[in-house]
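Numbering (our numbering), first residue to last: 76 to 287. By construction, the Cβ of each residue, glycine as well, lies at the ideal position given by its N, Cα and C atoms.
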Amino acid sequence: MPEGPLRLVVFISGGGSTLENIIQRIDDGRLTNTRIVLVVSSRSNVRGVEIARTADLPLAIIRKQDYADEAAFSSTLTAAVDAVHADLVVLAGFLCFWRLPAHWQGRVLNIHPALLPRFGGRGMYGQHVHEAVLATGERDSGCTVHLADNEYDHGPTVAQAHVPVEPDDTPETLAARVAAAERELYPHVIQQIAVNGLGWLDPYRAALCADS
Ligand code: GRF
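Dropping the structure here:
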């Protein structure tokens, strides 16, 4: 059992529905022993920023275009999470690339709205994912929580939830079904870590090292 609450940083770029869900779960007591110590947004005028402000959470807006290159942007992200002594970072609709330094590898999670390793990678976000799933006639979709590494939507799978693809689905109806599964899966994984400590991730970290 970890000593204090899990110090969580949430990275966003847009709507912030994932952030909103995590905040709600902490507030209603379904996600315990967890404290959001920082929200990082790669965009300034998005709903996710309003959600962070309304919840009175510490917020850093770190925009890629304000830095000379990816390395400078990534170093700023790293400095921000280091400064708040974070235990875990969750990517929550974060659309930029954070090149992870060694000390953050194994402590960054991402959630993707499909069953990785299929339907992931650069450009595979939002409705693009669900359009691709429908175009290939899949009968099964879902969401994946995985450890992030230095490739888009790549790294050991920590948990997956499946949802059916219905014959009359549109990208919107499928997206809604997957989003409902995400609202359960991400807090569930965070709760495991909050209760059992970061060591709960060790088996997946081992896979991360084997892979790199
Ligand atoms: C979800 O599809 C999630 O899988 C992906 O970002 C979307 C949520 O964005 N990582 P947001 O939390 O509403 O900004």
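Asked: Per DSSP, which one or two residues make a beta bridge with I111?; Found: L83
Asked: Under the rule that 16 or more other beta-carbon atoms within 10 Å means buried, what is C284, buried or exposed?; Found: exposed
Asked: For the alpha helix (DSSP H) containing L152, list its first residue and its last residue.; Found: 145 to 158
Asked: Considering only heavy atoms of the ligand GRF, does any lie closer than 7 Å to the CB of C218?; Found: yes
Asked: CB of S92 to nearest heavy atom of the ligand GRF: below 7 Å?; Found: yes
Asked: Starting from D215 and walking both ways along the alpha helix (DSSP H), at which residues does that stretch end?; Found: From DSSP, D215 is part of no alpha helix (DSSP H) but of the beta strand (DSSP E) over 215 to 222.
Asked: How about A130 and Q202: are their beta carbons less than 8 Å apart?; Found: no
Asked: With a cut-off of 8 Å, do at least 3 Cβ pairs link the stretch 103 to 113 to the stretch 173 to 190?; Found: no
Asked: At what residues does the alpha helix (DSSP H) containing N271 begin and finish?; Found: 246 to 271
Asked: Taking its Cβ as the centre, do 16 or more other Cβ atoms sit within 10 Å of S117, making it buried, or is it exposed?; Found: buried
Asked: So the candidates are E247, T109, G212; which of them puts its Cα closest to the Cα of V264?; Found: T109
Asked: At what residues does the alpha helix (DSSP H) containing T93 begin and finish?; Found: 92 to 102
Asked: In the structure shown, what three-state DSSP assignment does T129 receive?; Found: helix
Asked: Taking Cβ to Cβ, would you say L163 is nearer than 8 Å to L94?; Found: no
Asked: Looking at the secondary structure, which residues open and close the alpha helix (DSSP H) in which A210 lies?; Found: 202 to 210
Asked: Measuring CB to CB, does F169 end up less than 8 Å from I87?; Found: yes
Asked: Can you tell me whether H237 sits near the ligand GRF, meaning its C-beta is under 7 Å from at least one heavy atom of the ligand?; Found: no
Asked: Roughly how many angstroms lie between the CA atoms of T153 and L175, to the nearest whole one?; Found: 8 Å
Asked: Y279 and L222: beta carbons closer than 8 Å?; Found: yes
Asked: Less than 8 Å between the CB atoms is what I'm expecting for P231 and D215, so what's the real figure, rounded?; Found: Rounded, the Cβ-Cβ distance is 21 Å, inconsistent with contact.
Asked: Ordered along the chain, which non-local residues of its own chain (more than five positions away) have a Cβ less than 7 Å from that of V85?; Found: L94, I97, I111, V114, V165, A167
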